[in-house]
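Residue numbers (our numbering): 106 to 165.
Here is the structure:
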């Protein structure tokens with residue numbers, strides 16, 4: 106069983122996809138760079154969680 110993603114992670118990922126959807130794809134490494142560029146997330150852990158959730162949304 107995995108961890109539950111916080112509301113902040115989900116909301117931030119959805120907002121980034123709405124604003125910059127053409128930049129995101131199903132590649133985690135690319136999404137990680139896009140999150141770092143387009144958000145003000147302060148930690149690597151949070152950046153990776155947001156990028157992972159964005160990848161998950163786009164794979165569906």
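Note that beta-carbon positions come from the ideal geometry of N, C-alpha and C, so glycine has one too.
Give the C-beta separation of residue i and residue j to the nearest angstrom, bearing in mind that I take them to be a contact with Cβ-Cβ under 8 Å.
i, j, result
"residue 163", "residue 129", "6 Å"
Tell me whether residue i sits in a helix, a strand or coil according to DSSP, three-state version.
i, result
"residue 139", "helix"
"residue 116", "helix"
"residue 108", "coil"
"residue 130", "coil"
"residue 160", "helix"
"residue 154", "helix"
Would residue i be called buried (16 or more neighbouring beta carbons within 10 Å of its own) or exposed?
i, result
"residue 136", "buried"
"residue 160", "buried"
"residue 117", "buried"
"residue 109", "exposed"
"residue 106", "exposed"
"residue 154", "buried"
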